[in-house]
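Protein chains in written order, with the numbering used here: chain A, 1434 to 1736; chain B, 1434 to 1736.
For glycine and all other residues, C-beta sits at the position ideal for the given N, C-alpha and C.
Please read these numbers as outputs of a predicted model, since none were measured by experiment.
2 protein chains.
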Amino acid sequence: MRFEVTILGNSSATPVYDRNPTAQLLNHNEKFFLIDCGEGTQHRLLRYGIKYQRIDYIFISHLHGDHYYGLIGLLSSMSLNGRVKPIFIYAPAALESILAIQIEAGGTPFKYPIEFFAIPQNVSSVIFENESIVVETIVLQHRVPCTGFLFKEKSKSRKVLKDKVTSLAIPTAYISLLKRGIDYRDASGQVYAAYDLTSEPDAPRVYAYCSDTVCSESYLSQIEGVDLLYHEATFMHDMVERASLTFHTTAQQAGEIARKAKVKKLLIGHFSARYKDLTPLHLEAKCVFENTELAQEGMTFSI
Amino acid sequence: MRFEVTILGNSSATPVYDRNPTAQLLNHNEKFFLIDCGEGTQHRLLRYGIKYQRIDYIFISHLHGDHYYGLIGLLSSMSLNGRVKPIFIYAPAALESILAIQIEAGGTPFKYPIEFFAIPQNVSSVIFENESIVVETIVLQHRVPCTGFLFKEKSKSRKVLKDKVTSLAIPTAYISLLKRGIDYRDASGQVYAAYDLTSEPDAPRVYAYCSDTVCSESYLSQIEGVDLLYHEATFMHDMVERASLTFHTTAQQAGEIARKAKVKKLLIGHFSARYKDLTPLHLEAKCVFENTELAQEGMTFSI
């Protein structure tokens, strides 16, 4: 089951050096989730040949422009290009009227419904759930209310051992029961233990998205052990005072968070315009947490 | 005196084929005027190495997103990059609250003042004037209230014939009087006619910006004889019904408008996403009005 994230923007505050403000596309089992939507996100989707009509769920972390100014344009293009199926937006409450006032000014209602859900602030909560994934907010500490997002796969069913099942000629109808751990009893009354005919399921995977925030241990327990942690790393650590002042994190701090939370892999992004070359940020984080990657635009990371 | 326009976007409705929605930068005597501001305009300014802090005046024709969704991002970047001098925005009235609601949501007021002027709709009016140029609106016919803009140089002073003035040793203090057509009288009472010591001034130049509109003769008299007419040409003429229905113009119609108005040069833009190759649009307009150019992004046209 595919679970991967594609980076559409990695710049903080403003676009610069052909780097765009924050946006990421998460693909979980061919369901597409957009996380944040800085100006020019639709341009990036075009550049990378991603069909934006496949996106059904949009999550906005907070209302600084570099995380949402591209949303109205993307939504408008979806309508102009014939979308009729609804889109689901999870965002701070104020975004609803920001979108509405612009749609109204355009004089033409969108051709599809927007289902808007205001994210509760200051408390972590489950805001989305489907058959295979749950999305939970992470309360971050920024200059305006801001939440990260935890995309958690649900527990999966056990994996059938095909050779055994075939040799025993177990009817197809019973396979789903075996996957759920229910034993099979044949016509003669002979019982075959589900645990002998199946193996342990894959562990549910988790993706944590943390942007923007001052470095804090307040959300450490929530991101503990995640498969992939995206964490903002706006500055190098020589700028730690400025990072604190502006409620951002340094590359070194992002590494420390990853190490303390014992995550499997760290992805850093949201880079300040002062860094044309991102290598030093990468090296700084790697010094603390070796398995760190740069959120380079256009790259896709498996979770 | 420099008078030129640089194309920052030529796409209608949505970005496509690395073409951006509408935006143009007008430079008159090193005063910079931005006309419309589709999403990604600040990216284009960066791409072409144009310092956006030099822009002091912004004109928005109407509130369809492809003409203004990039404005909030550009204004925000101006603030983040330290702007303190005011910016002057001329736009439909509703834009003021669209900007205000987004600035408020960001939690940090901009560091510079926005001076907002609501453009009167349905009637042409002078909305801007400085020492050398006047901006007048053109009432267009679109699905929402929409105005084009006429940038008219003011009458210029006569040009001094340097050789004659030097040989007569006319004091510098009198030069500006000669330019205004006032004769010079020397100490002996001898009169030298200003018209003998100066030549005719350069004709004031005019740039007309007409986007978006259905083809109409209603604004013909206003654009008569202009040096450069930018006119939208969203469709080829085989789509003339769709053009009428959506209140747009075809390339052929843009050529006809240019011919009827006896303009010196026509620039067409605002191309539909259905045209990857723009050559046919260019040829169609040229069949009617030979001196036509395509508004290609990054190109600068002298006026």
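- request: Classify ALA1405 (chain A) as helix, strand or coil using the three-state DSSP reduction.
  value: Beyond the ends of chain A as shown, which are 1434 and 1736, falls residue 1405 (chain A); an answer cannot be given.
query: So MET1434 (chain B) packs on ASN1462 (chain B), CB below 8 Å; how close in whole Å?
result: The pair is a contact, with the Cβ atoms about 5 Å apart (cut-off 8 Å).
- request: Please report how far the alpha carbon of PHE1466 (chain A) lies from the alpha carbon of SER1509 (chain A), in whole angstroms.
  value: About 18 Å.
- prompt: Is it right to say ILE1522 (chain B) is buried, meaning 16 or more other beta carbons lie within 10 angstroms of its own, or is it exposed?
  reply: Classification for ILE1522 (chain B): buried.
message: DSSP has PHE1722 (chain A) in a bridge; who is on the other side?
response: Answer is none; PHE1722 (chain A) lacks a bridge partner.
message: If I follow the unbroken beta strand (DSSP E) through ILE1440 (chain A), where does it start and stop?
response: If you look at ILE1440 (chain A), you'll find it in the beta strand (DSSP E) that goes 1436-1442.
- prompt: Are the C-beta of GLN1655 (chain A) and some C-beta of chain B separated by less than 7 Å?
  reply: Chain B, which has no Cβ nearer than 7 Å to the Cβ of GLN1655 (chain A), makes this no.
- request: Determine, using beta carbons only, whether LYS1544 (chain A) and VAL1517 (chain A) come nearer to each other than 7 Å.
  value: Going by C-beta atoms, LYS1544 (chain A) is nearer than 7 Å to VAL1517 (chain A).
task: Please list the residues of the region 1548-1577 of chain A that have a C-beta atom closer than 7 Å to any C-beta atom in chain E, keeping them in chain order.
output: Going by chain labels, chain E is absent from the structure shown, which instead holds the protein chains A and B.
- prompt: Out of B:MET1511, B:HIS1715, B:LEU1661 and B:GLY1581, which has the shortest C-alpha to C-alpha gap to HIS1500 (chain B)?
  reply: Taking HIS1500 (chain B) as reference, the option from B:MET1511, B:HIS1715, B:LEU1661 and B:GLY1581 with the minimal CA-CA separation is B:GLY1581.
message: Tell me which residue opens and which closes the beta strand (DSSP E) that GLN1457 (chain A) is part of.
response: 1456-1461 is the span of the beta strand (DSSP E), which, as asked, contains GLN1457 (chain A).
message: Within a Cβ cutoff of 6 Å, which residues of the same chain sit near LEU1662 (chain B), ignoring the five residues on either side of it in sequence?
response: A distance below 6 Å between beta-carbons, with the five flanking residues on each side excluded, links LEU1662 (chain B) to the following residues of its chain, in chain order: ALA1641, ILE1656, ALA1691, VAL1696 and LEU1699.
field: Beta-carbon contacts of TYR1652 (chain A) that lie in its chain and below 6 Å, excluding the five residues immediately before and after
entry: These residues qualify, in order along the chain: ILE1571.
field: Bridge-paired residues (DSSP) for LYS1592 (chain A)
entry: Per DSSP, A:SER1632.
- request: Measure the C-alpha to C-alpha separation of GLU1633 (chain B) and LYS1595 (chain B) and round it to an integer number of angstroms.
  value: Cα to Cα, the separation comes out at about 14 Å.
query: Per DSSP, what kind of secondary structure is GLY1498 (chain B) in: helix, strand or coil?
result: Three-state DSSP puts GLY1498 (chain B) in a helix.
message: 7 Å is my cut-off, CB to CB: does THR1447 (chain B) come that close to chain A?
response: At least one chain A Cβ lies under 7 Å of THR1447 (chain B).
message: Our contact map puts GLN1685 (chain B) next to VAL1721 (chain B) with C-beta atoms below 8 Å; I'd like the distance itself, whole angstroms only.
response: The pair is a contact, with the Cβ atoms about 6 Å apart (cut-off 8 Å).
Pair within 7 Å by beta-carbon distance, MET1669 (chain B) and GLU1717 (chain B): Contact flag set, yes.
- prompt: Just reading off the beta strand (DSSP E) that SER1735 (chain A) is part of, what are its end residues?
  reply: 1733-1735 is the extent of the beta strand (DSSP E) around SER1735 (chain A).
message: Taking the alpha carbon of LYS1719 (chain A) as the reference point, which residue from A:PHE1734, A:GLY1731 and A:ALA1666 has its own alpha carbon closest?
response: Checked all of A:PHE1734, A:GLY1731 and A:ALA1666; the closest Cα to LYS1719 (chain A) is A:ALA1666.
query: Where does the unbroken alpha helix (DSSP H) through VAL1572 (chain A) begin, and where does it stop?
result: If you look at VAL1572 (chain A), you'll find it isn't in any alpha helix (DSSP H); it sits in the beta strand (DSSP E) that goes 1566-1572.
task: Examine chain B for any beta-carbon lying closer than 7 Å to the beta-carbon of HIS1476 (chain A), and answer yes or no.
output: Yes, contact with chain B.
task: Check TYR1607 (chain B) in the structure and name its three-state DSSP category.
output: It is helical.
- request: For GLN1685 (chain B), go through chain A and note every residue whose CB falls closer than 7 Å to its CB, in chain order.
  value: Per Cβ cutoff of 7 Å: no residues; GLN1685 (chain B) is ~24 Å from chain A at best.
- request: Could you pull out every unbroken beta strand (DSSP E) segment of at least 3 residues lying fully inside the region 1461-1489 of chain B, listed in chain order?
  value: Uninterrupted beta strand (DSSP E) stretches at least 3 residues long and entirely within the region 1461-1489 of chain B occur at 1464-1470, given in chain order.
query: In angstroms, rounded to a whole number, what distance separates the CA positions of ALA1526 (chain A) and GLY1506 (chain B)?
result: Their backbone Cα atoms lie some 20 Å apart in a straight line.
query: Which of the residues in the region 1521-1540 of chain A, read from start to end, lie with their CB under 7 Å from any CB of chain B?
result: For the region 1521-1540 of chain A, residues whose beta-carbon sits nearer than 7 Å to a beta-carbon of chain B comprise ALA1527, SER1530, ILE1531, ILE1534, GLN1535, ALA1538, GLY1539 and GLY1540.
GLU1548 (chain A) burial status per 10 Å Cβ neighbour count (16 or more: buried): Taking a 10 Å sphere around the C-beta of GLU1548 (chain A), we find fewer than 16 other C-beta atoms and assign the residue as exposed.
field: Sufficient close CB pairs (3 or more, under 8 Å) joining the region 1481-1500 of chain A to the region 1435-1450 of chain A
entry: Under the 8 Å Cβ criterion, the region 1481-1500 of chain A counts as touching the region 1435-1450 of chain A, having at least three qualifying pairs.
field: Helix, strand or coil at HIS1670 (chain A) according to DSSP, with G and I counted as helix
entry: Helix at HIS1670 (chain A).
field: N-terminal and C-terminal residue of the beta strand (DSSP E) that GLU1665 (chain B) is part of
entry: Going by DSSP, GLU1665 (chain B) is part of the beta strand (DSSP E) stretching over 1661-1665.
query: Just reading off the beta strand (DSSP E) that LEU1699 (chain B) is part of, what are its end residues?
result: Run containing LEU1699 (chain B): 1699-1702, per the beta strand (DSSP E) assignment.
- request: Compare the Cα-Cα distances from ASP1660 (chain A) to each of A:SER1621, A:ILE1536, A:GLU1586 and A:GLN1457 and report the closest residue.
  value: It is A:GLU1586.
task: Pull up the DSSP beta-bridge partners for ALA1687 (chain A), would you.
output: Beta-bridge partners of ALA1687 (chain A) (DSSP): none assigned.
query: Taking all protein chains shown into account, do 16 or more other C-beta atoms lie within 10 angstroms of the C-beta of ASN1563 (chain A), making it buried, or fewer, making it exposed?
result: With fewer than 16 neighbouring CB atoms inside 10 Å of its own CB, ASN1563 (chain A) falls in the exposed class.
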